[in-house]
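The numbering used here numbers the first residue of the sequence shown as 1166 and each following residue consecutively.
In this text, a Cβ means the ideal position worked out from N, Cα and C, and glycines have one as well.
Since the model is a prediction, treat every value here as computed from it, not as a measurement.
Input: a single structure, listed below in C-alpha cells.
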Amino acid sequence: MNTCPLCESDKNELLYTNSRGNKYLENYVCCNCGFVYTWPRISNQEVERLYSDGDFSKEARKSSVPDLAKFKQTEQYALERIHHLETKIPDFFSKVHSCVEIGCGAGSFLWLLKSRGQKVLGIEPDVDYVQVVKKRYKIPIETVMFQDYDNTELFDFICNFHVIEHIINPRAFVKEIYNRLKDEGFLYIECPTIDNIYTGSLDTFFWDVHVNTFSNNTLPWLLESEGFSIKEIFMNRGFVSIIAKKGTQVKFKSDDKDRIIGIVKSFAPKPKKISFSKRIETKIKNVIKSVLE
C-alpha cells in the first residue's frame, strides 16, 4: 500500500514521473506532512545488493573504486565539513572522542577526524570500495549495512552525508542513530533538499536511487519527532545540513503539500510556445491533408 514513510498517511498526490537517465519514476508528495518519496519502494534485499555489490559505486561514484581525483575531491568536502563543525560548535573536539560515519564512502571525513585525535569507525557495505579506502587512510571500516552492525558501542558523534535519501525506512534509520548516540552526543546529517533543485532540472534532480526527497522542513521535523533537538540547520554546497543533539525542544513543523507542488511546478518543463504564423501553417496543412484524404 502506498503510504508515507514518515507519517504513514495514505493520502498522497503523484508529483513527478521523470528522473535522471530519462527513467520513469513515480515520486509522490504526502498530503499530510509534505514529504516526497518514491513508490513502489524497492525491497531491503534489493537495497543491500545495490550497495554491497558495487552497482551504486559504478553508477553514482563513476567507478567501482575511488581514484586519486575522487580522494582529492572528498578531502576538500571533508575540510569544509570540519570547518562547519568548528564554527558552529567551537568546543566540538574537546567534547567528542568517538565517531562513526554511516556510508563513509571514500573515508576522507573520518581520516580528518582521526588526524585530530578522534577514535573513528566507518560503515560502508561496498567491499571493493572499502579495500582501497583502507589502504589509503588506514581507518577501520565495517562492510555491512548500518542496521546489520551489531556492536553495542555508543558514540559521541554520528554522521552521514547523502545517505538518508537512499534509506527505505528513514524513520527507523533515525531511531537507530538515536539509540547508538551517547546522551550528550552530536548528529551531523546532510542530504539533498527539494528547496534547492541543485541540478537545475527536475529530470536530473529526481533519481531512482533517491527514494526519499526531504525539504528544509521535513528533515528537521523527522529528527525532532525522534527525540533530537536541532542545534544548527544550514546549506552546504546546495544541500541541507543539520547538527543535532538529543533533546525535547521542538521548533519545526511538517511541510505543506501545496508548497512542495509549487516548487515542482516552478521547475517543471514549460511547453514550447508555437508562433501565430506556425499555428496557421499547421492548420492549413491539416486542412489540405483532410481534403486529400
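Cβ-based burial, residue i [other Cβ within 10 Å; buried from 16]
i, result
"residue 1420", "buried"
"residue 1189", "exposed"
"residue 1434", "exposed"
"residue 1399", "exposed"
"residue 1209", "exposed"
"residue 1187", "exposed"
"residue 1342", "buried"
"residue 1292", "exposed"
"residue 1174", "exposed"
"residue 1266", "buried"
"residue 1171", "buried"
Of the listed residues the options, nearest to residue i (C-alpha basis)
i, options, result
"residue 1373", "1383, 1330, 1228", "1330"
"residue 1389", "1215, 1375, 1212, 1413", "1413"
"residue 1427", "1375, 1181, 1357, 1167", "1181"
"residue 1306", "1312, 1315, 1290, 1313", "1290"
"residue 1423", "1375, 1196, 1235, 1359", "1196"
"residue 1200", "1403, 1386, 1402, 1408", "1386"
"residue 1376", "1168, 1207, 1167", "1207"
"residue 1350", "1311, 1237, 1393", "1393"
"residue 1334", "1410, 1355, 1312", "1312"
"residue 1192", "1198, 1185, 1186, 1202", "1202"
"residue 1204", "1177, 1309, 1226", "1177"
"residue 1286", "1397, 1293, 1262, 1430", "1262"
"residue 1271", "1303, 1185, 1260, 1395", "1303"
"residue 1328", "1358, 1315, 1301", "1358"
"residue 1425", "1391, 1362, 1401", "1362"
"residue 1295", "1179, 1341, 1273, 1248", "1273"
"residue 1382", "1366, 1368, 1364, 1405", "1405"
"residue 1237", "1298, 1353, 1185", "1298"
"residue 1259", "1185, 1369, 1278, 1265", "1278"
"residue 1396", "1220, 1257, 1213", "1257"
"residue 1224", "1185, 1198, 1248", "1185"
"residue 1431", "1336, 1300, 1410, 1367", "1367"
"residue 1269", "1308, 1234, 1247, 1248", "1308"
"residue 1379", "1355, 1401, 1183", "1355"
For residue i, the residue or residues it bridges with in DSSP
i, result
"residue 1505", "This structure gives no information on residue 1505, because the portion of the chain shown stretches from 1166 to 1458."
"residue 1349", "Paired residue(s): none; residue 1349 is not in a bridge."
"residue 1187", "According to DSSP, which records beta bridges pairwise, residue 1187 is partnered with nothing at all."
"residue 1329", "Residue 1329 pairs with nothing; no bridge assigned."
"residue 1417", "According to DSSP, which records beta bridges pairwise, residue 1417 is partnered with nothing at all."
"residue 1400", "1405"
"residue 1196", "Answer is none; residue 1196 lacks a bridge partner."
"residue 1306", "1287"
Touching by the beta-carbon criterion (3+ pairs, under 8 Å), the stretch 1415-1433 and the stretch 1232-1246: Segment contact: the stretch 1415-1433 against the stretch 1232-1246, fewer than three CB-CB distances shorter than 8 Å; contact not assigned.
Given 8 Å, three or more beta-carbon pairs between the stretch 1340-1358 and the stretch 1313-1323: They touch, by the three-pair rule.
The stretch 1249-1267 / the stretch 1222-1236 touching (three or more Cβ pairs under 8 Å): Contact annotation: the stretch 1249-1267 does not touch the stretch 1222-1236, with fewer than three C-beta pairs closer than 8 Å.
Secondary structure, alpha helix (DSSP H): runs of 4+ residues fully inside the stretch 1223-1299: List check, alpha helix (DSSP H) in window: 1233-1253, 1257-1260, 1273-1280.
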